[in-house]
Amino acid sequence: MMPENCSVCNTALQGEFCHKCGQKHTGQQVTFPVLLSDFTANIVSLERSFVATLWLLLKNPAQVVQNYWLGNRLYYSSPAKMLFYALTVAALHIALVDNKILGLTFAADNLAPQVAFYSVLIPIMAFASSVAFYKQRRNFAMHIISVVYNVSSLIIVFLLLNDLIGLAFTANIGARAFLVYLIFFCIWNTRCQIKTTKIWTILGYSLLQIAVVAGIFGVGVAFTLLLRWVQNQ
Ligand SMILES: [Zn+2]
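In this note's numbering, the protein residues as written are 54 to 286.
In structure tokens form, the structure reads like this:
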């Protein structure tokens, strides 16, 4: 029997899902078969929505990112969930293959290398994105969303490819892998930020983001050198 009102928010029900709080009312009694089917449905649907979101992020990232910007939730995996999967893949890579992420070594005192990797990468890329696309007048949080989605989906693919190529050819790909990853990220972020299919426009905006990143590293190096020079005086 279906109840008339939602058991969470007491809103009158018009169907299986409460239109106010989103709770699903099945009206089913808990039996062992129901328990089993709930359990498998939860596991299967979780995996399917992650794989489906990952696939769409690689094929058409703007669909997922702009849907989130518009305030729509729950259909695609959230950026936080994609980041969680990306961290898991990176942790597996570090545990099973080597302690470098795309040829880069991350050593931080109290942080796992993959956490250090994202803690550096996400703010820098979000800054580069907000500089390159300042005309679109999006707030910093929106850039973070696009960055987290694209950084996560691409790192999963890149780490898998990196390890497969490394295993197949025993090749030392080194930090070149990171450079290619950075270029791909900038292209994918551009595809989310502006509506264009013109390849030169996309490449132009991608180069602009890479230039901002290079600028940040340049300032960092210059600052370190200046600090050393001052200390030696
Ligand atoms: Zn409700």
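For glycine and all other residues, C-beta sits at the position ideal for the given N, C-alpha and C. Given the structure is predicted, the values throughout are model-derived calculations rather than measurements.
Which stretch, first to last residue, makes up the alpha helix (DSSP H) that contains ARG244? Counted from its first residue, the sequence shown places residue 244 at position 191. Its alpha helix (DSSP H) spans residues 229–246.
Indicate whether HIS72 and THR64 have their beta-carbon atoms separated by less than 9 Å. Here residue 72 is taken as the residue at index 19 of the sequence shown, counted from 1. Here residue 64 is taken as the residue at index 11 of the sequence shown, counted from 1. Yes, these two residues count as a Cβ contact at 9 Å.
If you run the structure through DSSP and keep just helix, strand and coil, what is THR158? Residue numbering aside, residue 158 sits at position 105 when the sequence shown is read from its first letter. Three-state DSSP puts THR158 in a strand.
Check whether the segment 127–140 and the segment 96–105 touch, using three or more Cβ-Cβ pairs below 8 Å as the test. yes
Is it the case that the Cβ atoms of ILE154 and LEU212 are separated by a distance below 9 Å? As a position in the sequence shown, residue 154 is number 101, starting the count at 1. As a position in the sequence shown, residue 212 is number 159, starting the count at 1. Yes. Within cutoff.
Quickly, what does DSSP pair PHE70 with across the bridge? List them, please. If you number the sequence shown from 1, residue 70 lands on position 17. DSSP output for PHE70 lists LYS77 as bridge partner(s).
With DSSP as the reference, label ASN215 as helix, strand or coil. For the purposes of this step, residue 215 is taken as residue 162 along the sequence shown, with counting starting at 1. Correct three-state label for ASN215: helix.
Return yes when at least one heavy atom of ligand 1 lies under 8 Å from the C-beta of ASN289, else no. Missing from the structure shown is residue 289; the chain here goes from 54 to 286 and no further.
Three-state secondary structure assigned by DSSP to LYS251: As a first step, residue 251 must be located in the sequence shown, where it is residue number 198. Looking at LYS251 - three-state DSSP - the assignment turns out to be coil, as it is neither helix nor strand.
Determine, using beta-carbon pairs with one atom in the segment 161–170 and one in the segment 226–235, whether at least three such pairs fall under 8 Å. no
Leaving out five residues before and five after GLY156 in sequence, what residues of the same chain have Cβ atoms less than 8 Å from its Cβ? For the purposes of this step, residue 156 is taken as the residue at position 103 of the sequence shown. Same-chain partners within the cutoff: ILE226, GLY227, ALA228, ARG229, ALA230, PHE231.
Note down, in chain order, each residue of its chain lying with its Cβ closer than 8 Å to the Cβ of LEU256, except the 5 sequence neighbours on either side. Looking up residue 256 in the sequence shown gives position 203. Closer than 8 Å at the Cβ level, and outside the excluded window around LEU256, lie ILE240.
How close, in whole Å, do the beta carbons of VAL118 and TYR234 come, if the pair is a contact with beta carbons under 8 Å? Looking up residue 118 in the sequence shown gives position 65. Looking up residue 234 in the sequence shown gives position 181. The Cβ separation is near 18 Å, so there is no contact.
Using C-beta distances below 8 Å, list every residue in its chain close to ILE175, excluding the 5 sequence neighbours before and after it, in chain order. Working through the sequence shown from its first residue, we reach residue 175 at position 122. Only ILE197, VAL200, VAL201, VAL204 meet the Cβ criterion.
Pick from GLN82, GLN116, SER172 that is closest to GLN246, judged by C-alpha positions: Numbered from 1 along the sequence shown, position 193 holds the residue referred to as residue 246. For the residues GLN82, GLN116, SER172, the minimum Cα distance to GLN246 belongs to GLN116.
State the Cα-Cα distance for the pair ILE209 and PHE193, rounded to the nearest angstrom. Position 156 of the sequence shown, counting from 1, holds the residue named residue 209. Position 140 of the sequence shown, counting from 1, holds the residue named residue 193. One C-alpha to the other measures close to 24 Å.
Helix, strand or coil: how does DSSP classify ALA143 here? As a working mapping, residue 143 is identified with position 90 in the sequence shown. Here ALA143 sits in helix by DSSP.
Would TYR171 pass as a contact of LEU207 if the rule is Cβ separation under 9 Å? As a first step, residue 171 must be located in the sequence shown, where it is residue number 118. As a first step, residue 207 must be located in the sequence shown, where it is residue number 154. Going by C-beta atoms, TYR171 is not nearer than 9 Å to LEU207.
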